Amino acid sequence: MSPRVIAIDGPAASGKSSTAQAVARRLGWAHLDSGALYRAVTLATLDHLEERGAGGGPLWSPQRIVALADQLPVRLVLVSDVFKPEVAGVDVAEAIRSARVTRRVSEVAAIPEVRQWVNAQQRRAVEGHPRGVVVDGRDIGTVVFPDAPLKVFLTASPDERARRRLAQRGDVIDAAELRRESDALDARDRADSTRPVAPLKPAPDAIPLDTTRLSLAQQVDQVVALADQRLPR
Ligand code: CDP
756 MSPRVIAIDG PAASGKSSTA QAVARRLGWA HLDSGALYRA VTLATLDHLE
806 ERGAGGGPLW SPQRIVALAD QLPVRLVLVS DVFKPEVAGV DVAEAIRSAR
856 VTRRVSEVAA IPEVRQWVNA QQRRAVEGHP RGVVVDGRDI GTVVFPDAPL
906 KVFLTASPDE RARRRLAQRG DVIDAAELRR ESDALDARDR ADSTRPVAPL
956 KPAPDAIPLD TTRLSLAQQV DQVVALADQR LPR
């Protein structure tokens, strides 16, 4: 039986998490932001592990990152149908959005052992949920839940994504800031799209949805309409 999952993938700041959360609420399902888990593992790594220094290989030992994530632990806790990231029992929802974490998360997320660990948490969360879970990320439809009955690939123009990210943070929106944010998003997308393991790309059966000119309410309506077709309730 295919898992009760809606997969929402796409590049940085394309509106995946806001859309996924609103769709989950409309369906009475839970929401899981896989990026939050990669960010929580990155936060734990930055706070607890020494970097190994230069030399070409990974800066941190993959085994030590995974052991740390198990021990602290880094985990997802279901609160009012939202899976929230915790590190050592502390809610890190805000701390994981810091620039310090954002700068390093793609590096940690490119480590295959980290991806296996994160994927196992996601599959356990979905198995344990009685209704269904809207999961957003980069590889949900391609790798984590390839049998999901509905996969959506969200995109938006680089300018619009930069504008949304600045607005979300309450930052000034001027030409210089837009350019800086757009460059930062582009660098992360390039890293996420070119890594050898689970690169950012649409699944062959994903439905593309360009949200550049859509409001959040419109994009949520479109995904809920698709869910109603694909997942008769
Ligand atoms: O919110 P934003 O779109 O900026 O990013 P995010 O969803 O919080 O994801 C942060 C980072 O985690 C991404 O840039 C990827 O490097 C990584 N990630 C991933 O590799 N695979 C996923 N399924 C989700 C996130």
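For the sequence shown, the working numbering puts the final residue at 988, and the numbers step up evenly by one.
In this text, a Cβ means the ideal position worked out from N, Cα and C, and glycines have one as well.
Computed from a predicted structure; not experimentally measured.
- Between LEU909 and GLY765, the CB-CB gap stays under 8 Å.
- For ARG920, the closest of PRO904, LEU787, ALA939, ALA903 by C-alpha to C-alpha distance is ALA939.
- Within the DSSP bridge table, the entry for ALA785 names VAL888 as partners.
- For THR857, the uninterrupted alpha helix (DSSP H) run begins and ends at 854 to 864, by DSSP.
- For the pair ARG918 and LEU933, the CB atoms are nearer than the 8 Å cut-off.
- ARG780 sits in a helix when the DSSP states are folded into three classes.
- Restricting attention to beta strand (DSSP E) runs no shorter than 3 residues, the segment 886 to 925 encloses them at 888 to 892, 905 to 910, ordered along the chain.
- According to DSSP, residue pairing for ALA762 in a beta bridge involves VAL890, LYS906.
- For VAL821 against GLU868, the beta-carbon gap comes to about 5 Å, under 8 Å, which counts as contact.
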